[in-house]
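When the letters of the sequence shown are read in order and numbered with the working numbering, they come out as residues 128 to 371.
Note that beta-carbon positions come from the ideal geometry of N, C-alpha and C, so glycine has one too.
Source: prediction; values computed, not measured.
Everything on this sheet refers to the single structure shown next.
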Amino acid sequence: MKIITSASLKGGVSKSTISIFLALAISQLKKKVLVIDLDPQSYSLTDFFLRDLSIDEIDKKNAYQAFSDRKQLKDCMFPSQGITVIPCSPDLQDLGAELQNDPGLLLRSKKEISSLPFDYVIIDTPPSPVYEFKIGLYAADIVLSPLTYDRWSLSGLLKAKKQVELIGRSGLKTPKHVAVPSMVSDKTKDDVIDILKEGKFKHTKSFITRSAAVQSAIMKGNGLKSGSKSEQEFSSLASEVISL
128 MKIITSASLK GGVSKSTISI FLALAISQLK KKVLVIDLDP QSYSLTDFFL
178 RDLSIDEIDK KNAYQAFSDR KQLKDCMFPS QGITVIPCSP DLQDLGAELQ
228 NDPGLLLRSK KEISSLPFDY VIIDTPPSPV YEFKIGLYAA DIVLSPLTYD
278 RWSLSGLLKA KKQVELIGRS GLKTPKHVAV PSMVSDKTKD DVIDILKEGK
328 FKHTKSFITR SAAVQSAIMK GNGLKSGSKS EQEFSSLASE VISL
């Protein structure tokens, strides 16, 4: 199993978009994929994959129930579009306050996730260093941080990198931290890559361009059109991430 966490301490950089379409692209490679929504600030993965599921159903089986030990992870899953989803609920925001005296949860979470019968796990996290963000980082083998052509995006990337490095300083294996050029245009793509090179960030060769088709797919809860430019970009990203 490989656990991939999408993380940035800057909102609006397409972090959740990458989580969604990367998961779908990996599943197209005949891999068993689980996605975990740990972002109670947006619920993007939950709303994309489980938009036909009632709030009452989600309230009974979700990431909060799983990570607070009220239910097992395997009992909080829903199938959707060929992958499996553990949704988010508003209660997840209370997790840190409830478990502030249980630092061992961060270590147990990785072990519990790793025991599940999946090839890949994609975790989406909130853009702030709260408890659910740390669960995603501590569980990760790879942390993907999008970088857009925006002056604050680099700050979010740097802050995420520092959080990843803290894991290694605690004596644990440091996840691989990889930047993903995201929401770029033909004019800004090279500028974003230059920023990454100047900062000596490891980054993917694949990049995600700004696309109305992607935004439309998000709004409708649909996959990307087969053979489209955006679909090919996420397929390329999936192949590259798998090889990391």
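Between which two residues does the alpha helix (DSSP H) carrying residue 144 extend? Where residue 144 is concerned, the enclosing alpha helix (DSSP H) stretches over 142 to 154.
Tell me whether residue 189 is buried or exposed, calling it buried when 16 or more other Cβ atoms sit within 10 Å of its Cβ. Buried, by the Cβ-count rule.
request  = Jot down the residue ranges of each uninterrupted beta strand (DSSP E) in the stretch 145 to 205, minimum 3 residues, whole runs only, in chain order.
outcome  = Secondary structure remark: continuous beta strand (DSSP E) runs of at least 3 residues inside the stretch 145 to 205, in chain order: 160 to 164.
Review point. For residue 306, which beta-bridge partners are listed by DSSP?
Key: For residue 306, which the question treats as bridged, DSSP gives the partners 272, 330.
Report yes if the CB atom of residue 141 is closer than 7 Å to the CB atom of residue 283, and no otherwise. The beta carbons of residue 141 and residue 283 sit no closer together than 7 Å.
- prompt: Hey, out of 310, 329, 266, 250, whose CA is closest to residue 285's CA?
  reply: The residue with the shortest Cα to Cα distance from residue 285 is 329.
*7 Å Cβ shell around residue 365 - same chain, five flanking residues per side excluded*: Only 149, 152, 153, 156 meet the Cβ criterion.
Practice problem: Give the DSSP-derived three-state secondary structure of residue 242 in the structure shown. | Solution: Coil.
Hey, residue 198 and residue 233 are a contact pair by Cβ (cut 8 Å); roughly how many whole angstroms apart? In this structure residue 198 does not touch residue 233 by the C-beta definition: roughly 19 Å separates them, more than the 8 Å allowed.
- Item | Cα-Cα separation, residue 161 to residue 337 | One Cα belongs to residue 161, the other to residue 337, and the distance between them is close to 26 Å.
*Which partner residues does residue 251 have in the DSSP bridge list?*
The bridge partners DSSP lists for residue 251 are 133, 164.
- Put residue 319 into one of helix, strand or coil per three-state DSSP. If DSSP states are grouped into helix, strand and coil, residue 319 belongs with the helices.
- alpha helix (DSSP H) containing residue 368: first to last residue? DSSP places residue 368 inside the alpha helix (DSSP H), whose first and last residues are 356 to 369.
Worksheet item: Taking C-alpha atoms, which residue in 254, 218, 200, 210 lies nearest to residue 182?
Response: In terms of Cα proximity to residue 182, the closest of 254, 218, 200, 210 is 218.
For this session: On a CA-only basis, which of 185, 179, 146 is nearest residue 172? Give me that one, please.
Result: With distances taken between Cα atoms, residue 172 lies closest to 146.
Any chance the stretch 293 to 301 sits against the stretch 313 to 327, with 3 or more Cβ pairs inside 8 Å?
Too few Cβ pairs lie closer than 8 Å, so no.
Rounded straight-line distance, which links the Cα of residue 267 to that of residue 202: Answer to the nearest angstrom: the Cα atoms are 21 Å apart.
(message) Considering only their Cβ atoms, is the gap separating residue 216 from residue 240 smaller than 7 Å?
(response) With contacts defined by Cβ atoms closer than 7 Å, residue 240 and residue 216 do not form a contacting pair.
Output needed for residue 350: all residues of its chain with C-beta closer than 7 Å, excluding positions within five of it in sequence on either side, in chain order.
Counting only Cβ-Cβ distances below 7 Å, and skipping sequence neighbours, we find 151, 208, 344.
- Item | Cβ separation of residue 333 and residue 358, assumed to be a contact under 8 Å, to the nearest whole Å | Wrong, their Cβ atoms sit about 13 Å apart, outside the cutoff.
- Item | Delimiting residues of the alpha helix (DSSP H) encompassing residue 291 | Per DSSP, the continuous alpha helix (DSSP H) segment holding residue 291 begins and ends at 280 to 296.
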